[in-house]
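Peer 1:
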Amino acid sequence: MSHLKNLTLKVWRQSGPTDTGHFENYTIDEISDEASFLEMLDVLNESLINENKEAVVFDHDCREGICGTCSLMINGVAHGPQKATTTCQLHMRTFKSGDTIVIEPWRATAFPIIKDLMVDRSAFDRIIESGGFITAATGGAPDANLIPIPKPVADAAMDSAACIGCGACVAACPNGAASLFTAAKISHLNFLPQGQSERFKRTEAMVETMDEYFGSCTNHGECSAACPKEISIDVIALMNKDYRASKFKNRKELSR
Amino acid sequence: MAILMATTSSTLGSKREPATATAVGTRRKRPFLLDLYSTAVGKKYVMAISGIAMMGFVLFHMIGNLKMYQGAEALNHYAEFLKKLLYPLAPKGVVLWILRGGLITMLLLHLHAAWSLTRLNRFARAVKYQGPRDYQVAKFASRTMRWTGIIVLAYLVWHLLDFTFGTVNAVGTDGTFVRGEVYENVVRSLDRPVVAAFYVLANVLLGIHLFHGAWSIFQSLGWNNPRFNTWRRGFATGFATIVVVGNVSFPIAVIAGIVK
């Protein structure tokens, strides 16, 4: 175990949604390279509290890379420099002594800043509410493997279902688009037999709800590169295809 | 009721506000195609389909121009042939004008979709990142689509003024622009080094635009299949290369005196 010395942090401080905000510089004299990025911020906050200053507010929860609560734009990269890693699983060993680290919140109109580095991601909830579920009858749990699903299909659905809804795709996208999130949530259900009955209703509703808040996809691929779960932009193509199908199918059904 | 109305209208009326209400707005009723076009995904279809149409034009335009290597007669005859497409089944010039009409429509749709999507995307990140961004995979081509597009559009205007209307073309021997003398017009215009350089530059930018666009089409239209996914990049690169090499060769050939 070794230590990193003399880190300069440029942290975005914003007292509330309406404040303009600014960068503030902090120095971390010494930190273990085994500390996670959020632990480093905890250390910073401890010292701020000791100095009677206000702690830096940031989102975090499970700290094991599965909940999707943590965020942060670190040196202009969503979730920092390590691929397929959430900020909480990013460790200080990825940095060097003397580094300057710029920390900014996710920036998107649909993700208003609550305070400092914390943003409101409930626009994602609006998308899920509009169709990111299956309507299942309540009652006893059905037997496992009651519905046969080919292994490749199950795998593809699982790859999409890996999305933790952290919002890195939106943050990384030069257009502030939520295509990767929405497409992952759509295809995770659209791949599976359980999702078929509501497939086209779901796709239409979720895409159009996404449209109310987010930008459009220009196929840069930044979202996928930033995604801690490495979800492929292939799901976006699937979403585009299903959206077209659903517009035609739903129109036909409504006309009956 | 009034409160409910207020909530609904704020969700519907002003788009892209911070998400606070739980009510999901119902969409305005419009004709089917307009409804499809009203979404970002729908606009991307239009982008892709109009892109395909213009790619077809650009490719055949380049192939047609290769005639200049066979001399003045071949190229001028080819220009005359375009007017006589499907003649005598259709009167002279009719098919050409139908094709032109289609192209102009496609161009306008492409421009409108690009403009409205750009506006949408600006709204989607009203406050930009204050620190520097470090892009991971976004290519130069994909990030400069708007710029390459605008410059190619400006070039298109010049190109029409040059060879169709003759406004900026060097005049012929009798002091006027002669419309039917395609070959001579090409030589007279591209013999000016600055104009030739502009043609080369604009076509390289067109190539960059196509390098991303021709690949992007597959994603936008949802043509994604593991069987051919690996070929999509190659197709776009190959298409862009063929068009650029062909088009750039013309000004170079004139400057080098191969076409004179």
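Protein chains in written order, with the numbering used here: chain C, 3 to 258; chain H, -13 to 246.
C-beta atoms are modelled at their ideal positions from N, C-alpha and C, and glycine is treated no differently.
Because the structure is a prediction, the values reported are computed rather than measured.
Span of the alpha helix (DSSP H) holding C:Asp127?
Peer 2: Against the first sequence, residue 127 of chain C aligns to sequence position 125. Residues Ser124 to Glu131.
Peer 1: If we cut at 8 angstroms on Cβ distances, does H:Lys114 have a partner in chain C?
Peer 2: Position 128 of the second sequence, counting from 1, holds the residue named residue 114 of chain H. At least one chain C Cβ lies under 8 angstroms of H:Lys114.
Peer 1: Apart from the five residues just before and just after H:Leu95, which ones in its own chain have a Cβ nearer than 7 angstroms to its Cβ?
Peer 2: Start at 1 with the first residue of the second sequence, and residue 95 of chain H comes out as number 109. Cβ within range, chain order: Val32 and Ser36.
Peer 1: Starting from H:Trp217, trace the alpha helix (DSSP H) in both directions and tell me its first and last residue.
Peer 2: Along the second sequence, read from residue 1 onward, the residue named residue 217 of chain H stands at position 231. Its alpha helix (DSSP H) spans residues Asn215 to Ala242.
Peer 1: Who pairs with C:Arg15 in a beta bridge, going by DSSP?
Peer 2: For this step, residue 15 of chain C is matched to residue 13 along the first sequence. According to DSSP, C:Arg15 bridges with C:His24.
Peer 1: By a C-beta neighbour count over all protein chains shown, 10 Å radius and 16 as the cutoff for buried, is H:His47 buried or exposed?
Peer 2: The count along the second sequence starts at 1 and reaches residue 47 of chain H at position 61. The residue in question, H:His47, is exposed, as its Cβ has fewer than 16 Cβ neighbours within 10 Å.
Peer 1: Count the other C-beta atoms from every protein chain shown that fall within 10 angstroms of the C-beta of C:Glu210, then say buried if there are 16 or more, exposed otherwise.
Peer 2: Position 208 of the first sequence, counted from the start, is the residue given in the question as residue 210 of chain C. C:Glu210 is buried by the Cβ-count criterion.
Peer 1: Can you tell me the Cα-Cα spacing of H:Pro179 and H:Gly243, whole angstroms?
Peer 2: Locating residue 179 of chain H in the second sequence gives position 193, counting from the first residue. Locating residue 243 of chain H in the second sequence gives position 257, counting from the first residue. The alpha-carbon atoms of H:Pro179 and H:Gly243 are separated by roughly 12 angstroms.
Peer 1: Tell me the rounded alpha-carbon separation between H:Asn62 and C:Lys249.
Peer 2: Indexing the second sequence from 1 puts residue 62 of chain H at position 76. Indexing the first sequence from 1 puts residue 249 of chain C at position 247. Straight-line Cα distance between these residues: approximately 48 angstroms.
Peer 1: Can you look up H:Leu93 in the DSSP assignment and give me helix, strand or coil?
Peer 2: Translated into the one-based positions of the second sequence, residue 93 of chain H becomes position 107. Here H:Leu93 sits in helix by DSSP.
Peer 1: Does the distance between the C-beta of C:Asn242 and the nearest non-hydrogen atom of the ligand ZN fall short of 7 angstroms?
Peer 2: With respect to the ligand ZN, the structure offers nothing, as it holds no ligand at all.
Peer 1: Identify which residue in C:Asp35, C:Lys7 and C:Asp122 has its Cα closest to the Cα of C:Gly100.
Peer 2: For the purposes of this step, residue 100 of chain C is identified with residue 98 of the first sequence, where counting begins at 1. Ranking C:Asp35, C:Lys7 and C:Asp122 by Cα distance to C:Gly100 puts C:Lys7 first.
Peer 1: For the segment 105 to 112 of chain H against the segment 212 to 223 of chain C, do three or more pairs of beta-carbon atoms, one drawn from each stretch, fall closer than 8 angstroms, so that the two count as touching?
Peer 2: yes
Peer 1: Can you tell me whether C:Cys229 is buried or exposed, with buried defined as 16 or more other CB within 10 angstroms of its CB?
Peer 2: On the first sequence, residue 229 of chain C is found 227 positions in, with the first residue counted as 1. Buried.
Peer 1: By the DSSP assignment, the alpha helix (DSSP H) with H:Val190 in it spans what residues?
Peer 2: Locating residue 190 of chain H in the second sequence gives position 204, where the first residue counts as 1. First-last of the alpha helix (DSSP H) with H:Val190: Pro179 to Ser206.
Peer 1: Roughly how far, in whole angstroms, is the beta-carbon of C:Gly197 from the beta-carbon of H:Gly117, given that I think they are within contact range, below 8 angstroms?
Peer 2: The count along the first sequence starts at 1 and reaches residue 197 of chain C at position 195. The count along the second sequence starts at 1 and reaches residue 117 of chain H at position 131. Not really, about 40 angstroms apart at Cβ, beyond 8 angstroms.
Peer 1: Report yes if the C-beta distance between C:Asn192 and C:Asp244 is below 8 angstroms; otherwise report no.
Peer 2: As a first step, residue 192 of chain C is located in the first sequence; it is residue number 190 there, counting from the start. As a first step, residue 244 of chain C is located in the first sequence; it is residue number 242 there, counting from the start. Contact flag set, yes.
Peer 1: Please report the straight-line C-alpha distance between C:Thr140 and C:Glu200, rounded to a whole angstrom.
Peer 2: As a working note, residue 140 of chain C is residue 138 in the first sequence. As a working note, residue 200 of chain C is residue 198 in the first sequence. Computed Cα separation, rounded: 17 angstroms.
Peer 1: For a contact meaning CB atoms closer than 7 angstroms, what does H:Thr25 contact in chain C?
Peer 2: Numbered from its first residue, the second sequence carries residue 25 of chain H at position 39. Residues of chain C passing the Cβ test: Val209, Glu210 and Asp213.
Peer 1: Is there contact here, the segment 146 to 166 of chain C with the segment 180 to 187 of chain C, by at least three beta-carbon pairs under 8 angstroms?
Peer 2: With contact defined as three or more Cβ pairs closer than 8 angstroms, the segment 146 to 166 of chain C and the segment 180 to 187 of chain C are in contact.
Peer 1: Using 8 angstroms as the threshold, is the segment 193 to 201 of chain H in touch with the segment 222 to 232 of chain H, meaning 3 or more CB pairs across them?
Peer 2: yes
Peer 1: So is C:Gly67 in contact with chain H if we call contact Cβ pairs under 8 angstroms?
Peer 2: For this step, residue 67 of chain C is matched to residue 65 along the first sequence. It does not: the Cβ of C:Gly67 has no partner Cβ on chain H nearer than 8 angstroms.
Peer 1: Any C-beta of chain C within less than 7 angstroms: which residues of the segment 51 to 68 of chain H qualify?
Peer 2: none
Peer 1: Between the C-alpha atoms of H:Ile241 and H:Arg213, what's the straight-line distance to the nearest angstrom?
Peer 2: Along the second sequence, one-based indexing puts residue 241 of chain H at 255. Along the second sequence, one-based indexing puts residue 213 of chain H at 227. Distance between the alpha carbons of H:Ile241 and H:Arg213 is about 45 angstroms.
Peer 1: H:Tyr121 and C:Glu255 - do their beta-carbons sit closer together than 8 angstroms?
Peer 2: Here residue 255 of chain C corresponds to residue number 253 of the first sequence, with the count starting at 1. Here residue 121 of chain H corresponds to residue number 135 of the second sequence, with the count starting at 1. Against a cut-off of 8 angstroms, the Cβ pair of H:Tyr121 and C:Glu255 comes out as no contact.
Peer 1: Below 7 angstroms on C-beta distance, what does C:Gly141 contact in chain H?
Peer 2: Counting from 1 along the first sequence, the entry for residue 141 of chain C is found at position 139. Correct list: empty, because the minimum Cβ distance to chain H is about 27 angstroms.
Peer 1: What's the call for C:Met3, buried or exposed, on a 16-neighbour Cβ count within 10 Å?
Peer 2: Sequence index remark: in the first sequence, residue 3 of chain C carries index 1 (1-based). Counting every other CB atom within 10 Å of its CB across the protein chains shown gives C:Met3 a total below 16, marking it as exposed.
Peer 1: Within the 8 angstroms Cβ cut-off, does C:Gly223 reach chain H?
Peer 2: Within the first sequence, the letter at position 221 stands for residue 223 of chain C. True, the Cβ-Cβ gap to chain H drops below 8 angstroms.
Peer 1: Going along chain H in order, which residues have a C-beta closer than 7 angstroms to the C-beta of C:Phe202?
Peer 2: Reading the first sequence from its first residue, position 200 is the one you call residue 202 of chain C. Ordered by position in chain H, no residue passes the 7 angstroms Cβ test against C:Phe202, which lies about 14 angstroms from the chain.
Peer 1: Taking only three categories from DSSP, how would you classify H:Gly248?
Peer 2: Given a span of -13 to 246 for chain H in the structure shown, any question on residue 248 of chain H remains unanswerable.
Peer 1: Suppose you measure from the CA of C:Pro83 to the CA of C:Ser73; what does that come to, to the nearest Å?
Peer 2: Taking the first sequence and counting its residues from 1, one reaches residue 83 of chain C at position 81. Taking the first sequence and counting its residues from 1, one reaches residue 73 of chain C at position 71. About 13 angstroms.
Peer 1: For H:Gly57, which residues of its own chain have a beta-carbon under 8 angstroms away from its beta-carbon, when the five flanking residues on both sides are left out?
Peer 2: Taking the second sequence and counting its residues from 1, the one referred to as residue 57 of chain H is at position 71. Same-chain partners within the cutoff: Tyr169.
Peer 1: I need the DSSP call for C:Phe68, collapsed to helix, strand or coil.
Peer 2: Taking the first sequence and counting its residues from 1, one reaches residue 68 of chain C at position 66. Just to set this straight, residue 68 of chain C is Ile in the shown sequence, not Phe. If DSSP states are grouped into helix, strand and coil, C:Ile68 belongs with coil.
Peer 1: Show which residues of chain H have a CB atom less than 7 angstroms away from the CB atom of C:Arg258.
Peer 2: For the purposes of this step, residue 258 of chain C is taken as residue 256 along the first sequence, with counting starting at 1. Going along chain H, no residue has its Cβ under 7 angstroms from C:Arg258, so there is no contact; the nearest lies around 16 angstroms.
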